[in-house]
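Beneath this line is the structure, given in structure tokens, with notes to follow.
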Amino acid sequence: MVLERINLAKKQIIYVAALFMLGPTFLIPPAQEIGSYGWIALTISYMGFLLLFSLYRALLNLAPDKSLFEILQLAFGRWLGLAFSLFYLFYFVFLLTLIVANFADFIDSVVLIHTPELVITIFLVATAAYAVRKGFESIARISDIILYTSVSIAFLVFLFLIDKISLDVFRPVWPSSWSPIFKSSLSVFAFPFGETVVFLSIFNQLGKPQKTMPSLLWGSLIAFISLQLVTVRNVATLGEFVKYSSYPSYDVARLVDIGNVISRAEILISINFLGMGYIKATTMYYSFCSGVAELFKLKSYKHLVLPVGVLVSLSSLLSFKTTIQNLYFIAEIYPYFVFVPQVIIIALAYIVLRVRGKKVG
Amino acid sequence: MAYVGILIGFALLFLWDYKEIKEVNDKRGNIVYGIFFLAAIAYAILFKSGVVTISMTQIVSLIVAYLRGIRLPYYFR
Amino acid sequence: MWRAKKKKEEENKKEDSLLSTVSKNLEVLKEKLHNSSDCVFREFVIGDKVNAAMVYIDGLTDKKVIHDDVIRPLMFSYAAGELPRKSLLQHIEDGLLIASDIKEVNTFNDILGSILLGDAAVIVDGEKVAIIVSSKGFPIRSVTEPQTESVIRGPREGFTEAIRINTALLRRKIHDPDLVFENLEVGVRTKTSVVIAYVKDLAKEETVNEVRRRIKSIDIDGILDSGYIEQLIEDNPFSPFATTGYSEKPDVIAGRILEGRLAVFVDGSPIVLTIPMLFIENFQTAEDYYSRPFFISFVRLLRYLGFFISIIAPAFYVALTSFHQELLPTPLLISIAAASEGTPFPAVVEVGVMEVLFEILREAGLRMPRAIGQAVSIVGALVIGQATVSAGLVGEPLIIVIAITAITAFLVPTLYEAGTLLRIGFYLLAATFGLIGIGVGFLVVLVHLSSLHSYGVPFMSPIMPLEADSFQDVLIRSPLWTMKRRPRVFGDGIRQGENQKPVKERDMQ
Amino acid sequence: MKQRLLLGLLLIIFFTGCYDRRELDDLAIVVGLGVDLADDGDILATVEIVNPQVLGNKSAGGGGEPVWVIESKGQTLFEAIRRMIHQSPNKLFFSHNQIIVIGEELANKDIFLVTDFLLRVEEPREDAYLIVAEGKAGDIIRAKIGIGSVPALAIEKMISSNWATSQAPMSQLIAFAKQTVAKAPGVVLGRIALRSEKEAEISFNGAAVLKRNKLVDWLTETEARGYLWIKDQVKGGTVVVKDTKYGGNISYEIAREKTVCRPKILQNGQMSIEIDIAVTSRFAGLTDSREIENPTAWSEYVLDLEEGVKREVRSVIDKAQTLQLDFLDFGALIKQYYPQIWQKKESNWDKEFPMLPVAIKVKAQINSVGMVKRSR
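Chains as they are written, first to last, in our numbering: chain A, 671 to 1031; chain B, 38 to 114; chain C, 450 to 958; chain D, 4 to 379.
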């Protein structure tokens, strides 16, 4: 693809990155299975992300102005690089499928119970496809509004609940056994934070990648703080119940009741979730379509959007039957799978380039 | 009936894309588009007929479970 | 091929040029004008000797100019035999015609072009040249207070249908030699004059060029209103949102031109277009800047709220009463349920029908002569408000919702069309997916809005992308002395001196 | 062309949509649910449905009952509720259910039979009040309170305005779920009782003590207040103290209260619980014998109040220790502050709890004498 330069303010990339990491995680906060220690797992995984971020950054310093796929081909040669690139593309579209499945599953099991999941999925994917065809610029432009509203809604719900929270649940502060915490921080690392590898494939369209990288860091900081807020809010409100609730944030909002006037705020949460997930889904969607176009040197990605949408909707329909399955997948399968594209391949590429770079220079 | 519906739906999608395709006029792009489009049709028909119930999630689950040497819980089947 | 064309053009020109006798010229002219009844061909004799004629269109010309300043001097200035044969034409031009603006033409097409605009042509025997005397004068509506944008405080004058008066009104506001009026002619048959106005060092060069190019490329038989121009040059013909602004008031146009926009005047239309347009312009009115900022800021917030309510209220009602009853407080749910008990149709249908009914009544009231219009509104009020409820067809809460929608929709008149379309869209989404539909619909509308451009300027600026530092004139109208710069998208120039905040001398206290 | 296609596609979606639409007049809005154990061991559910027509048209007035009560039986609660379809023309709608009343017999058996359904299904809300009835829950639901009002809403109001006396816990379903999930050994729920059959007089005070899912005992009003003191949930109410010196009773109105419970290790290495209560109150009724301006008398008033509060708290601790059931959740406190010690104690806690020393410290303050200093 002849790369279209996309003119965006740095701020907007920050917001996109933040929303990308918040995404569906806002509804199913990370590490809920360990209840009151969730914040520890979140912090550990954020530390992990900082390491990962420096790896990404170092890689981009070795190969400036290159996109992910170019870097892969540079490091591993043409055919192996192509294979790895295809693997990344699979990962992108797979992640998109997961997000859509999460969305549809939530809506179908909580909000619109009798509507067939097919209809909901098609509706969601169609609206995402609309945005993707409008281009990444349009997606990024709406990000500031969505971020501001979402974070303020989350904060508002927190304020509404201030008389219902009790901080005693956070005692004892340190857990007696650390292994479940490390395990769930692994899944938190994989679920929102590590997924930022996607940005490596679109950063070169946004100007100089090395200059765009700090936006990712700032975005992740916003995401980290907001997620921490949500996690703490949920645990403080629901206590241990958070471990067993399918959608804790939703349950939390159901408890809001201020003088019978501001009550039943759960729809705020759903809309919130929708807005954030929309950014994440469209970003994944865009990166897959533009990635295919880049890899096969197409002139435009736009006509790929609809067929990909059909494939994604159908695949997401078949993804999960129950939330339990989803949670098991996130805890047991997903982190191990995504460790490969998020860390291992990138690290390999870095090492190869480093070694080779020394040979050359 | 449902199959007719699927085909009509895809015809609509194609019509929608047609303008874009013509505008871009990219041979390689058309091939890639064709692959995706046919794959989508095939998947939709197989999905409808219930032959295929496999999704990317399940494939990934099976592979990872095999590599990690764990047994998938019953609800994955 | 190109050569052949040129040759043909030359031949045409030859055929087109004037002949040397008046009678023959008149013959040709009569034929070209198909002996139309409003064309006057006045033949007379100068100095008893030389035949002359005058051609003009009755009704477009100022009779007084023609009688007193053209015909009278020509007929009475020369006694018989006194004619300076050689340079009669020169003589007439220099010494006889009492007109400020005359010119010579030598083709029939030029004559036609001029007299169709209201000038008079004088033809003299033996000359292959005609003198065009500017004598335009036709009845025009006087400058009155515009109906659509009435103000309590601020200038009351509005544009008229005559373009010269309109440009003059603008010139009276901006006495700056840099204010440029560029004349263009559009419309094969109407030959409407279109004027682009801008201040040279404020408007962006590219924008002016682009607008000029777009207007020039219009090839249409007629332009009857500025609406034609708008639709033929706009950026987003499929969007429900208009991306070209308009106003009927010279002060508004002057204000926008001073912000760096350009205006397009179209002859025959009191509506003047402004280019480029921003979304927030819909929520700004001229009066915002004439009154003190505090109350106006509140009103402006109300306008945003009103627009939001007007597009969302019916959808929200449908979503809450047919999908998410759990979100209503219990007492409210009970009273809505009581009101809708026994109504025959589902809420979705009720809202749709009432919405359509309201639009019908609005349209009927708008187009009717004023006397009947009142009857329509009374019947409408009775039908909508009273009868449907007492007949048990719809519940009272729904009437309230529809009424609120109707009123709020008029808060932002320029967005009425887009708002109505959005309202219908949201209503359909809510009827299908409840609040989820509304939420997703909002995202789509946001994406759509953020993808709109108006002549190279992002339509949603400065909201999307968010530029906090140019927000003084968006949600609220901050005091004039804080608005030091023009809107960033139009060039970000400084428009006032430092420290314009009023300072009072100590002694005055 | 594109637009027309888009429109067509949308219309297809719209016409196939509307699956979740339910009309208001097709809903039977449930405001109260009572669950009992039937004689044959089945679950007997009683629901109270509002009749909006009567409630809404206030001007029309007169016609009909404001509520409609139906009951149904099934092997599980869900089956019982589904069977109500046979009796109700409209679909039952549980999102506005305000109270869940559990009958005594059912509470004796297993309360999880009810709560699991209510938490699992998406319609009922977690902030509904979960209370236990003395006797049959169905009687409570069926009882008429006031004239033309909705009994369940009246009970809900009764519960939520209960802070004025603070003599019963305002137990919500979510609180129950939180405690159950946190493996609290005992749970305290509000108690409701039908005082007299004829007048349909209902009282909401006192509390039910559950050993996880089984009712074990009732708390009196005083004991319930004691429980609320410990849980820092006293929002108001009066403390009445016998005036030992001059006879008669003195009543104090509680204005503010703050309780802090902390586990302490005593000098002999034994674990204990320290309860610090800071209470601010004002006089609400005095025997007139003592002079209010007198500083010594004032300190006696304060001491009396402190004693009164202490007695209430002590009563519930005694109750818990005699029941050998830690429904005050002191175990969780120890776990929070001394996790290592708790690990050792956890298995043996049932035995240790009755011997647990509890120190109660009350710091009272009287900040208002009222409108007059003396009334006689």
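In this text, a Cβ means the ideal position worked out from N, Cα and C, and glycines have one as well.
Please read these numbers as outputs of a predicted model, since none were measured by experiment.
Would DSSP call residue i helix, strand or coil?
i	result
R491 of chain C	strand
N588 of chain C	Going by the sequence as given, residue 588 of chain C is Pro instead of Asn. The answer is coil: DSSP assigns P588 of chain C none of H, G, I, E or B.
L121 of chain D	helix
S688 of chain C	coil
W844 of chain A	coil
Q175 of chain D	strand
E594 of chain C	coil
L892 of chain C	helix
G979 of chain A	helix
E260 of chain D	strand
S957 of chain A	helix
D39 of chain D	strand
T779 of chain C	helix
E683 of chain C	coil
E476 of chain C	helix
Hey, does residue i have any beta-carbon neighbour from chain C nearer than 8 Å?
i	result
V361 of chain D	no
F96 of chain D	yes
H99 of chain D	yes
Mark residue i as exposed unless 16 or more other C-beta atoms lie within 10 angstroms of its C-beta, in which case mark it buried.
i	result
R377 of chain D	exposed
V519 of chain C	buried
I844 of chain A	Per the sequence shown, the amino acid found at residue 844 of chain A is Trp instead of Ile. W844 of chain A comes out exposed.
L47 of chain D	buried
K653 of chain C	buried
P686 of chain C	exposed
V767 of chain C	buried
Does any residue of chain D bring its CB to less than 8 Å from the CB of residue i?
i	result
L782 of chain C	yes
Can you name the residues of chain D whose CB is closer than 9 Å to the CB of residue i?
i	result
T770 of chain C	E26, L27
T819 of chain A	Near T819 of chain A there are no residues of chain D at all, since even the closest Cβ is about 25 Å away, more than 9 Å.
Against residue i, what residues of chain B qualify as contacts under a CB-to-CB distance less than 9 Å, listed in chain order?
i	result
K969 of chain A	V61, N62, D63, R65, G66
Could you work out which residues of chain C lie near residue i, taking near to mean beta carbons separated by less than 8 Å?
i	result
L30 of chain D	Q774, A786
Could you tell me whether any Cβ in chain B is nearer than 8 Å to the Cβ of residue i?
i	result
Q995 of chain A	yes
L768 of chain A	yes
P977 of chain A	yes
S957 of chain A	no
G1031 of chain A	Low local confidence applies: a pLDDT of 35 at G1031 of chain A is under 50, so the model's placement there is unreliable, with the coordinate-based value given in what follows. Chain B, which has no Cβ nearer than 8 Å to the Cβ of G1031 of chain A, makes this no.
At a CB-CB cut-off below 9 Å, which residues of chain A make contact with residue i?
i	result
L44 of chain B	Within chain A, no residue comes near L44 of chain B; the closest Cβ sits about 13 Å away, beyond 9 Å.
For chain A, check one thing: does any of its Cβ atoms lie closer than 8 Å to the Cβ of residue i?
i	result
S86 of chain B	no
Using a C-beta to C-beta distance shorter than 8 Å, which residues of chain B count as neighbours of residue i?
i	result
V650 of chain A	Residue 650 of chain A is absent from the structure shown; chain A starts at 671 and stops at 1031.
Mind listing the chain A neighbours of residue i? Cutoff is C-beta to C-beta under 8 Å, in chain order.
i	result
E125 of chain D	S779, V780, I783
A76 of chain B	P977, L981
M38 of chain B	Residues of chain A passing the Cβ test: none, with the nearest at roughly 15 Å.
Of all the CB atoms in chain F, is at least one closer than 8 Å to the CB of residue i?
i	result
L925 of chain A	Within the model displayed, chain F is absent; protein chains A, B, C and D are what it includes.
What in chain C is Cβ-close to residue i, meaning under 9 Å?
i	result
N930 of chain A	P778, T779, P780
At 7 Å on the CB atoms, spell out the chain C contacts of residue i, in chain order.
i	result
D23 of chain D	F772, G883
- request: Examine the Cβ distances between the stretch 696 to 715 of chain C and the stretch 609 to 623 of chain C and report whether three or more of them are shorter than 8 Å.
  value: yes
- prompt: Does the stretch 726 to 745 of chain A come close enough to the stretch 917 to 932 of chain A to have 3 or more Cβ pairs within less than 8 Å?
  reply: no
Contact the stretch 825 to 844 of chain C vs the stretch 732 to 749 of chain C: 3+ CB pairs below 8 Å: no
- prompt: Does the pairing of the stretch 259 to 267 of chain D with the stretch 276 to 283 of chain D give three or more beta-carbon distances under 8 Å?
  reply: yes
- prompt: Taking contact to mean at least 3 C-beta pairs separated by less than 8 Å, is the stretch 23 to 42 of chain D in contact with the stretch 789 to 800 of chain C?
  reply: yes
message: Taking contact to mean 3 or more Cβ pairs, one atom from each stretch, closer than 8 Å, check whether the stretch 846 to 855 of chain A and the stretch 931 to 951 of chain A are in contact.
response: no
message: Closer than 8 Å is the cut-off here; do at least three beta carbon pairs connect the stretch 817 to 835 of chain A with the stretch 926 to 937 of chain C?
response: no
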